[in-house]
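Going by our numbering, the residue at position 146 of the sequence shown is 337; the numbering climbs one at a time, nothing skipped. Think of the CB as a built atom: it goes at the ideal place given N, C-alpha and C, for glycine as much as any other residue.
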Amino acid sequence: MQIVIPFQSPELELQIQQLSQSIELIVLSPNEVIPATVNPEVLLTLGVEENHQLVAFLSDKSNDNSALQWLHVFGTGVDYFPFDLIGNRLLTCSRGAHSLPIAEWVMAMILTADKNLPDAWVSQPPEQWHSAELAQTSGKTLALLGFGSIGRLVTERALAFGMQVKVLARRPRNNLPDGVNAVSDLSALLSDADHVVLAAPATADTHHIINQATLKYCKQGAHLINVARGSLIEQQALRESLDNGQLRLASLDVVEPEPLPAGHWLYQHESVRLSPHISWSAPQILERLALPFVENIRAYLEGQPLQGLVDLEQRY
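Listed below in structure tokens is the structure:
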């Protein structure tokens, strides 16, 4: 069985080769054309916007890629995957690999907003000592748009801080943790939320789901946190809501486009906390991305179901 991976990684290569002697591992560079003589059954690909290697391979009718059964995206999202070229093959991704550091990032955004950090630090004697107007996180309401692995880990941490948690569920959910309430529409989700967290995939249904109309559902002074994709927010509507005080604060780790061009208003707005798509960052993150692929190869060889399967119709 041929397996193609698009980068060198001695540790990953060893882990794959140790799974079975039947594996013929072919290691390429990210921009290297897959040779016509290569006919992999399994293909690891990068989750990047312009994946010329993958598109060229799937588009080339002269290539005999009939053996290809399964593709795995070395990333947690499939926004840029060329779905029109995949046919009926299996597609997986390393879903959940970034969830823990992202959940921690979300909690950091909530706590620093409620405790007015870093503005509460002092570098010289303040006018008043022992005096501040800080919020209490316990008892606040957290609204989650997206209840995958990130949403669940955020929920665990929010509940531990004594927060009330609401999630959007357009169909009945029977597996919600104690203390979590499900609502069926955005108005009910946003109306009393102190902190709104976007953790949903980028799809046609979620494109600009936060817009002028839906932002009016938010309570005055709410805090919007986006760790999903920039496409979920309509930026002009966001700007208006920040300017008129409907939103008190926006903590954005993702924007549209990325990178954001110099001079963009998001860099300067006093109510925006902007980070350059780093909430996923943590030690050994590459190992975390590789592990689901290695475990899925093991499952594939044993005829077991694969984890992180992507729904080809829903495209996430």
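For residue i versus residue j, is the C-beta distance shorter than 9 Å?
| i | j | result |
| --- | --- | --- |
| L282 | V418 | no |
| E479 | H263 | Per the sequence shown, the amino acid found at residue 479 is Arg instead of Glu. No, the Cβ-Cβ distance between R479 and H263 is not below 9 Å. |
| G337 | L406 | no |
| H460 | I424 | no |
| V233 | M192 | yes |
| P450 | P467 | yes |
| G268 | Y507 | yes |
| R348 | A294 | yes |
| A360 | S375 | yes |
Can you find a C-beta in chain D that's less than 9 Å from the C-beta of residue i?
| i | result |
| --- | --- |
| N366 | Absent here is chain D; the protein component of the structure consists of one chain. |
Buried or exposed: where does residue i fall if 16 or more other Cβ atoms within 10 Å of its Cβ makes it buried?
| i | result |
| --- | --- |
| P392 | buried |
| D184 | In the structure as shown, the chain begins at 192 and stops at 507. Residue 184 is therefore absent and cannot be evaluated. |
| E318 | exposed |
| F274 | exposed |
| A304 | buried |
| R362 | exposed |
| W312 | exposed |
| Y491 | buried |
| L333 | buried |
| R286 | buried |
| Q495 | exposed |
| G412 | exposed |
| G421 | buried |
| L302 | exposed |
| V246 | exposed |
| Q427 | exposed |
| G353 | exposed |
| S470 | buried |
| A395 | exposed |
| W261 | buried |
| N487 | buried |
Give every residue of the same chain whose Cβ lies closer than 8 Å to the Cβ of residue i, excluding the five residues on either side of it in the sequence, and list them in chain order.
| i | result |
| --- | --- |
| C409 | L381, S382, A384, V387, L415, S432, Q437 and L438 |
| I196 | L203, E204, I207, L216, I217, V218, L219 and L235 |
Output needed for residue i: all residues of its chain with C-beta closer than 6 Å, excluding positions within five of it in sequence on either side, in chain order.
| i | result |
| --- | --- |
| L203 | A481 |
| S442 | M300, I416 and R464 |
| S462 | L433 and L440 |
| N402 | E425 and A428 |
Please look up how many angstroms separate the CB atoms of residue i and residue j, rounded, as I've assumed it's under 8 Å.
| i | j | result |
| --- | --- | --- |
| L335 | K306 | Rounded, the Cβ-Cβ distance is 21 Å, inconsistent with contact. |
| L237 | G266 | 7 Å |
| L259 | L276 | L259 to L276, Cβ: 11 Å. No contact. |
Using a Cβ-Cβ cut-off of 7 Å (strictly less than) and excluding sequence neighbours within five positions of residue i, which residues of its own chain qualify?
| i | result |
| --- | --- |
| V371 | T346, V356 and V358 |
| V229 | Q193, V195 and I217 |
| V297 | V345, V388, I416 and V418 |
So the beta strand (DSSP E) residue i belongs to, where does it begin and stop?
| i | result |
| --- | --- |
| R464 | V463 to L465 |
List the endpoints of the continuous alpha helix (DSSP H) containing residue i.
| i | result |
| --- | --- |
| H243 | H243 to S250 |
| S340 | S340 to A351 |
| W296 | S290 to D305 |
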